[in-house]
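Q: In full-length UniProt numbering, the protein residues as written are 8 to 309. All residues carry an ideal CB built from backbone N, CA and C; glycine is no exception. Note that the structure is a prediction, hence the values are computed from the model and not measured.
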Amino acid sequence: IIRSLSSSAVRSGVIKHVTIIGGGLMGAGIAQVAASTGHSVVLVDQSEDILKKSTKGIEDSLKRIAKKKFADKPEAGAEFIQKVLKNVTTSSDAASVIHSTDLVLEAIVENLKIKQDLFSGLDKFAPDHTIFASNTSSLPITDIANSTSRQDRFGGLHFFNPVPLMKLVEVIRTPMTNQKTFDALLEFSKALGKHPVSCKDTPGFIVNRLLVPYMMEAIRLHEKGHGSKEDIDVAMKLGAGYPMGPFELLDYVGLDTSKFIIDGWHERDPDNPLFAPSPMLNQLVEQGKLGKKTGEGFYKYK
Ligand code: 3HC
Numbered sequence: 008i009i010r011s012l013s014s015s016a017v018r019s020g021v022i023k024h025v026t027i028i029g030g031g032l033m034g035a036g037i038a039q040v041a042a043s044t045g046h047s048v049v050l051v052d053q054s055e056d057i058l059k060k061s062t063k064g065i066e067d068s069l070k071r072i073a074k075k076k077f078a079d080k081p082e083a084g085a086e087f088i089q090k091v092l093k094n095v096t097t098s099s100d101a102a103s104v105i106h107s108t109d110l111v112l113e114a115i116v117e118n119l120k121i122k123q124d125l126f127s128g129l130d131k132f133a134p135d136h137t138i139f140a141s142n143t144s145s146l147p148i149t150d151i152a153n154s155t156s157r158q159d160r161f162g163g164l165h166f167f168n169p170v171p172l173m174k175l176v177e178v179i180r181t182p183m184t185n186q187k188t189f190d191a192l193l194e195f196s197k198a199l200g201k202h203p204v205s206c207k208d209t210p211g212f213i214v215n216r217l218l219v220p221y222m223m224e225a226i227r228l229h230e231k232g233h234g235s236k237e238d239i240d241v242a243m244k245l246g247a248g249y250p251m252g253p254f255e256l257l258d259y260v261g262l263d264t265s266k267f268i269i270d271g272w273h274e275r276d277p278d279n280p281l282f283a284p285s286p287m288l289n290q291l292v293e294q295g296k297l298g299k300k301t302g303e304g305f306y307k308y309k
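1. Below 7 Å CB to CB, which residues in the same chain sit around I226 once its five sequence neighbours on both sides are set aside?
2. Just the C-alpha distance for K266 and F254, rounded to the nearest angstrom, thanks.
3. Would you decide whether R10 is buried or exposed? Buried here means 16 or more other CB atoms lie within 10 Å of its CB.
4. Going residue by residue through the stretch 161 to 197, where are the continuous beta strand (DSSP E) segments of at least 3 residues, counting only ones entirely within it?
5. Let me know if L297 comes out buried or exposed under the rule of 16 or more other beta-carbons within 10 Å of its beta-carbon.
6. Out of A114, D135, P134, which has the shortest C-alpha to C-alpha gap to L125?
7. Cβ atoms of A42 and I65: under 9 Å apart, would you say?
8. If you measure from the CB of S68, is any heavy atom of the ligand 3HC nearer than 8 Å?
9. So, helix, strand or coil for S98, using DSSP?
10. Beta-carbon within less than 7 Å of K139's beta-carbon, same chain only, minus the 5 sequence neighbours each way: which residues are those?
11. Does N118 pass the burial test, meaning 16 or more other C-beta atoms within 10 Å, or should it be called exposed?
12. Does DSSP classify H273 as helix, strand or coil?
13. Figure out for me which residue from L256, A83, Q290, E177 has the closest Cα to the Cα of S144.
14. Could you please give me the residues that DSSP links to I27 through a beta bridge?
15. Suppose you measure from the CA of I179 to the CA of L69; what does that come to, to the nearest Å?
16. From the DSSP output, in three-state form, read off K296 for me.
17. Give me the DSSP bridge partner(s) of P203.
18. Use the C-beta contact count for K201: other C-beta atoms within 10 angstroms, 16 or more gives buried, fewer gives exposed.
19. Taking DSSP as the reference, what is the three-state secondary structure of F77?
20. Would you call K80 buried or exposed, if buried means 16 or more other Cβ atoms sit within 10 Å of its Cβ?
21. Does the distance from the CB of I37 to the CB of V51 come in under 9 Å?
22. What residue range does the beta strand (DSSP E) around I22 cover?
23. Measure the C-alpha to C-alpha separation of K23 and I239 and round it to an integer number of angstroms.
24. Does DSSP put K231 in a helix, a strand or coil?
25. Can you tell me whether K122 is buried or exposed? The criterion is at least 16 other CB atoms within 10 Å of its CB, across all chains shown.
26. Please classify R10: does DSSP put it in a helix, a strand, or coil?
27. With DSSP as the reference, label F139 as helix, strand or coil.
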């Protein structure tokens with residue numbers, strides 16, 4: 008089935024068979040959405056243990072969706088979950104599963120060298136038509152693409168947490184991304200039921216370029232003693248209509264992730280005050296208080 012899907016996809020430029028590398032929150036979320044919209048998905052990570060956790064995460068999220076979508080028809084809900092799960096297979100060996108994939112989408116650790124090594128390795132095994140894309144939130148797509156010989160078939164697809172609920176996808180083109188690839192990535196985003204926006208390969212694209220300095224500014228406001236975390240959060244929720252306040256969102260995104268992004272930008276543009284590091288953020292990360300996922304960040308969680 009995969010082969011026939013893929014050969015028609017080659018002709019039409021439509022993405023049907025997807026390989027997602029990285030079974031973390033982002034990768035699993037993307038796999039779930041792709042499977043829910045009828046794509047054939049292979050989710051790849053290093054070990055069976057991690058993949059078991061990813062599948063469990065997908066199942067839990069699908070249960071929450073089914074509970075709402077099929078409120079008075081639990082049987083139809085269970086059927087929906089089974090149908091989606093059928094579209095997802097897992098593997099711990101990317102090279103052996105990408106022989107007929109239309110898209111390889113990477114959502115692994117935010118480390119340029121590791122991403123480059125991954126893609127330069129897969130470049131040799133993937134068919135010619137296969138598009139490569141990264142879900143990086145802050146690294147230049149161009150630098151990752153340059154590790155391959157398919158810079159024209161390389162772009163960015165940046166999703167938002169929680170992937171099943173957030174409607175946006177940033178589609179990033181580098182100066183080398185060809186039109187066919189860019190169009191295929193736009194169409195794929197729409198086929199996932201998302202709303203794509205076009206971005207250039209600039210730091211943070213659109214959302215993070217605005218959101219991360221805003222969250223850093225909230226920490227600085229608090230560091231200066233100008234407001235409590237609770238008051239700043241309530242203020243932005245009730246005064247600006249944000250669903251979460253900046254400290255809640257920092258904990259949700261992960262303090263390590265936020266620190267990684269701001270440190271990278273600060274290194275590249277040290278004179279920009281928007282990218283200045285924060286002692287409070289650094290200290291929390293040093294203490295292993297990384298937000299909701301570790302049970303404590305700016306707030307404590309049960
Ligand atoms: N899967 C399925 N359903 C989920 C879910 C998930 N992962 N997470 C939440 N839900 C469901 C809940 O079950 C709940 O359903 P119900 O209405 O039937 O009870 C519903 O969504 C609402 O959830 P909650 O009541 O728990 O909370 P909220 O109403 O506050 O909604 C939210 C949750 C959608 C996360 C909302 O708070 C929100 O939009 N927050 C901001 C998120 C945001 O800004 N994300 C971007 C971060 S930046 C990023 O990701 C980029 C990266 O590069 C750093």
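A: On the basis of the supplied data:
1. For the purposes of this step, residue 226 is taken as the residue at position 219 of the sequence shown. Closer than 7 Å at the Cβ level, and outside the excluded window around I226, lie S285, M287, L288.
2. For the purposes of this step, residue 266 is identified with residue 259 of the sequence shown, where counting begins at 1. For the purposes of this step, residue 254 is identified with residue 247 of the sequence shown, where counting begins at 1. Distance between the alpha carbons of K266 and F254: 13 Å.
3. Reading the sequence shown from its first residue, position 3 is the one you call residue 10. In this prediction, R10 scores a pLDDT of 49, lower than 50, which makes its location untrustworthy; no coordinate-derived value is stated.
4. 161 to 165, 175 to 180
5. If you number the sequence shown from 1, residue 297 lands on position 290. So L297 counts as buried.
6. Mapped onto the sequence shown, residue 125 falls at position 118. If we check each option's Cα against that of L125, A114 comes out closest.
7. Taking the first residue of the sequence shown as position 1, residue 65 is located at position 58. Taking the first residue of the sequence shown as position 1, residue 42 is located at position 35. Taking 9 Å as the Cβ cut-off, I65 and A42 qualify as a contacting pair.
8. What you label residue 68 is simply residue 61 of the sequence shown in a count that begins at 1. Yes, the beta carbon of S68 sits closer than 8 Å to at least one heavy atom of the ligand 3HC.
9. Stepping through the sequence shown from its first residue, residue 98 is reached at position 91. In this structure, S98 counts as strand in the three-state DSSP scheme.
10. Within the sequence shown, the letter at position 132 stands for residue 139. The sequence as given places Phe at residue 139; Lys does not occur at that position. Correct list, in chain order: V111, F126, T155, R157, R160, F161.
11. Here residue 118 corresponds to residue number 111 of the sequence shown, with the count starting at 1. It is exposed - the Cβ of N118 has fewer than 16 other Cβ atoms within 10 Å.
12. Working through the sequence shown from its first residue, we reach residue 273 at position 266. Helix at H273.
13. By 1-based counting over the sequence shown, the position of residue 144 is 137. Checked all of L256, A83, Q290, E177; the closest Cα to S144 is E177.
14. One-based indexing of the sequence shown puts residue 27 at position 20. Answer by DSSP bridge pairing, in chain order: L50, L112.
15. Stepping through the sequence shown from its first residue, residue 179 is reached at position 172. Stepping through the sequence shown from its first residue, residue 69 is reached at position 62. Those two C-alpha atoms are separated by around 28 Å.
16. On the sequence shown, position 289 is the one that residue 296 refers to. It is coil, neither helix nor strand.
17. Your numbering for residue 203 matches position 196 in the sequence shown. Note: P203 sits in a beta bridge opposite V176.
18. In the sequence shown, counting from the first residue as 1, residue 201 sits at position 194. The residue is buried, with at least 16 neighbouring Cβ atoms inside 10 Å.
19. One-based indexing of the sequence shown puts residue 77 at position 70. F77 falls in the coil class under three-state DSSP.
20. As a working mapping, residue 80 is identified with position 73 in the sequence shown. By the neighbour-count rule (16 or more Cβ atoms within 10 Å), K80 is not buried but exposed.
21. In the sequence shown, counting from the first residue as 1, residue 37 sits at position 30. In the sequence shown, counting from the first residue as 1, residue 51 sits at position 44. No, the pair does not count as a contact, with Cβ atoms beyond the cut-off.
22. Counted from its first residue, the sequence shown places residue 22 at position 15. Here I22 belongs to no beta strand (DSSP E), and DSSP marks it neither H nor E.
23. Here the question's residue 23 lines up with position 16 in the sequence shown. Here the question's residue 239 lines up with position 232 in the sequence shown. Using only the alpha carbons, I get a separation of about 44 Å.
24. By 1-based counting over the sequence shown, the position of residue 231 is 224. The answer is coil: DSSP assigns K231 none of H, G, I, E or B.
25. As a first step, residue 122 must be located in the sequence shown, where it is residue number 115. That one is buried.
26. The residue given as residue 10 occupies position 3 in the sequence shown. Legend: pLDDT at R10 = 49, less than 50; position of this residue unreliable, value from coordinates given subsequently. R10: helix per DSSP, three-state reduction.
27. For this step, residue 139 is matched to residue 132 along the sequence shown. Note: F139 maps to strand in three-state DSSP.
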